[in-house]
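Student: I am attaching a structure below and will ask some questions about it afterwards.
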């Protein structure tokens, strides 16, 4: 009995010690650069610092050599060995459909801790991992410029002092490598076009990325930092973040009768999958009242889905020729059920394949004759309603006469070219998708030609 009592006393003592330790390790404890306005969970989101529109930020990342090795071993396990064949930057055939093509992994790459330095301040034990699908195929070709995801309190369980750590109020950042984009502008400009036309979309900005994984800082090239949809964007653009926010993928994301599955709607708010709101949208979309009682169908759709935001997205997306999303691919968008009005909103994501005719059958025409209603009902069923088709055309004309006006865009492209040219020219072959120095300026010229061509084609359809 005495020994049991001693065991209980020791156990209680250990527990009290652990609780005491838990109490004294407050966020930022012992971290020299930690401040409430730059690191804490209470930091106000600072878009001017994190997503400046008139400068290129620099981010310095330090990763322990052993952790770097873990990252490389993990990505090789997920995607296979680096190709030694010819073709493409870095010595491999990494273009989609080419010799170095790889299949997408079903799980995310592993996180490891790193230190981040920015503007003379340090962020501690930040989680870093590789991210992306097709953009990670650069790995198979030997190009070392790969996209990253940064999660600022990923390792808070191991290091309680970084609990709630943010980057000027942002809990995470997506660092796009500008894969297959020798203009470096598509991701940035795509975000701007949607948001400037009142379609909810992330903020983005340019970053020079330097990574030290054991042998000193290495310039990984010019990246585009992108805001994470299901975190700060919801608060700043909807005024709340408590509604269901979904990232649809695979067959269910098409809303087709073939393969619709709520499990294909990852709920970023709850950690679950699709719920009654998605099922309700699907049921209304596929309802026979669309043809038997059009007015009733419209009323039901508009009670659960922000149809006009969708039509504005469709107008922008089709005009700029963004093919790697709904209509061609069953991914690269989010859905947010805004509790303010209980309407599901469309949010675009991942624009690095925009502003060109594209692959996988090419970008869609304004008539959408390349697709059928069975496969892509959100587009075809909604546009089958004359009033909605008229709205679609109105949005197209408004877009090309304001946000995507050729003279405005040409000046914008020139400003961005001047902003990033030094950073682009500093890239080295192992960390670049450029084959030669002239590709960058030629790509900017092509974007200027593209906006004029698209304005003409859009006007011909919509007027």
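Residue numbers (this note's numbering): 15 to 477.
Don't be surprised by glycine CBs; every beta carbon is placed ideally from N, CA and C.
Which residue or residues does DSSP assign as beta-bridge partners of residue 186?
Tutor: Within the chain shown, numbered from 1, the residue matching residue 186 stands at position 172. DSSP output for residue 186 lists 165 as bridge partner(s).
Student: Out of 458, 253, 160, which has the shortest C-alpha to C-alpha gap to residue 351?
Tutor: Taking the chain shown and counting its residues from 1, the one referred to as residue 351 is at position 337. Answer by Cα proximity: 253.
Student: Measuring CB to CB, does residue 141 end up less than 8 Å from residue 162?
Tutor: As a working note, residue 141 is residue 127 in the chain shown. As a working note, residue 162 is residue 148 in the chain shown. No, these two residues do not count as a Cβ contact at 8 Å.
Student: Let's test the definition: count the other Cβ atoms within 10 Å of the Cβ of residue 277 and tell me whether it reaches 16, buried, or not, exposed.
Tutor: Counted from its first residue, the chain shown places residue 277 at position 263. It counts as exposed.
Student: State the beta-bridge partners of residue 360 as determined by DSSP.
Tutor: As a first step, residue 360 must be located in the chain shown, where it is residue number 346. The partner list for residue 360 (beta bridge, DSSP) reads 349.
Student: Are the CB atoms of residue 288 and residue 441 nearer to each other than 8 Å?
Tutor: Indexing the chain shown from 1 puts residue 288 at position 274. Indexing the chain shown from 1 puts residue 441 at position 427. No. Outside cutoff.
Student: Taking only runs of the alpha helix (DSSP H) that begin and end inside the region 273-324, which ones reach a length of at least 4 residues, in chain order?
Tutor: Here the runs fully enclosed are 290-299, 303-306, 308-318.
Student: Anyone know if the C-beta pair for residue 241 and residue 218 falls short of 8 Å?
Tutor: Sequence index remark: in the chain shown, residue 241 carries index 227 (1-based). Sequence index remark: in the chain shown, residue 218 carries index 204 (1-based). Going by C-beta atoms, residue 241 is nearer than 8 Å to residue 218.
Student: For the beta strand (DSSP E) that residue 181 lies in, which residues bound it at each end?
Tutor: Translated into the one-based positions of the chain shown, residue 181 becomes position 167. No beta strand (DSSP E) holds residue 181; DSSP gives it neither H nor E.
Student: I'd like to know if the region 76-86 and the region 223-231 are in contact, where contact means that at least 3 CB-CB pairs between them fall below 8 Å.
Tutor: Taking 8 Å as the limit for Cβ pairs, the verdict is that the region 223-231 does touch the region 76-86.
Student: Give the DSSP-derived three-state secondary structure of residue 427 in the structure shown.
Tutor: By one-based count along the chain shown, residue 427 stands at place 413. Note: residue 427 maps to helix in three-state DSSP.
Student: Any contact between the region 457-476 and the region 167-185? By contact I mean 3 or more CB pairs, one from each, below 8 Å.
Tutor: Verdict: no, contact absent.
Student: By DSSP, does residue 442 sit in helix, in strand, or in coil?
Tutor: In the chain shown, residue 442 corresponds to position 428, counting from 1. Here residue 442 sits in coil by DSSP.
Student: Could you check whether the region 195-204 touches the region 432-451, counting it as contact only if at least three pairs of C-beta atoms, one from each stretch, sit closer than 8 Å?
Tutor: Taking 8 Å as the limit for Cβ pairs, the verdict is that the region 432-451 does touch the region 195-204.
Student: Return the bridge partner residues of residue 127 from the DSSP annotation.
Tutor: One-based indexing of the chain shown puts residue 127 at position 113. In the DSSP output, where bridge partners are listed per residue, residue 127 has 141.
Student: Would residue 117 be called buried (16 or more neighbouring beta carbons within 10 Å of its own) or exposed?
Tutor: Position 103 of the chain shown, counted from the first residue, corresponds to residue 117. The pLDDT assigned to residue 117 is 46, lower than 50, so where the model puts this residue is not dependable; a value taken from the coordinates is nonetheless given after this. The residue in question, residue 117, is exposed, as its Cβ has fewer than 16 Cβ neighbours within 10 Å.
Student: Taking residue 46 as the reference, give the member of 94, 232, 124, 138 with the closest Cα.
Tutor: Locating residue 46 in the chain shown gives position 32, where the first residue counts as 1. It is 138.
Student: Take residue 285 as the anchor and find which of 71, 244, 447 has the nearest alpha-carbon.
Tutor: Taking the chain shown and counting its residues from 1, one reaches residue 285 at position 271. Residue 285 has its Cα closest to that of 244, out of 71, 244, 447.
Student: Once the 5 residues before and after residue 204 are set aside, which same chain residues still bring their CB inside 6 Å of it?
Tutor: By 1-based counting over the chain shown, the position of residue 204 is 190. Around residue 204: 365, 368.
Student: In this structure, does DSSP put residue 236 in helix, strand or coil?
Tutor: Sequence index remark: in the chain shown, residue 236 carries index 222 (1-based). Three-state DSSP puts residue 236 in a strand.
Student: Helix, strand or coil for residue 264 per DSSP?
Tutor: Within the chain shown, residue 264 is the residue found at index 250, counting from 1. If DSSP states are grouped into helix, strand and coil, residue 264 belongs with coil.
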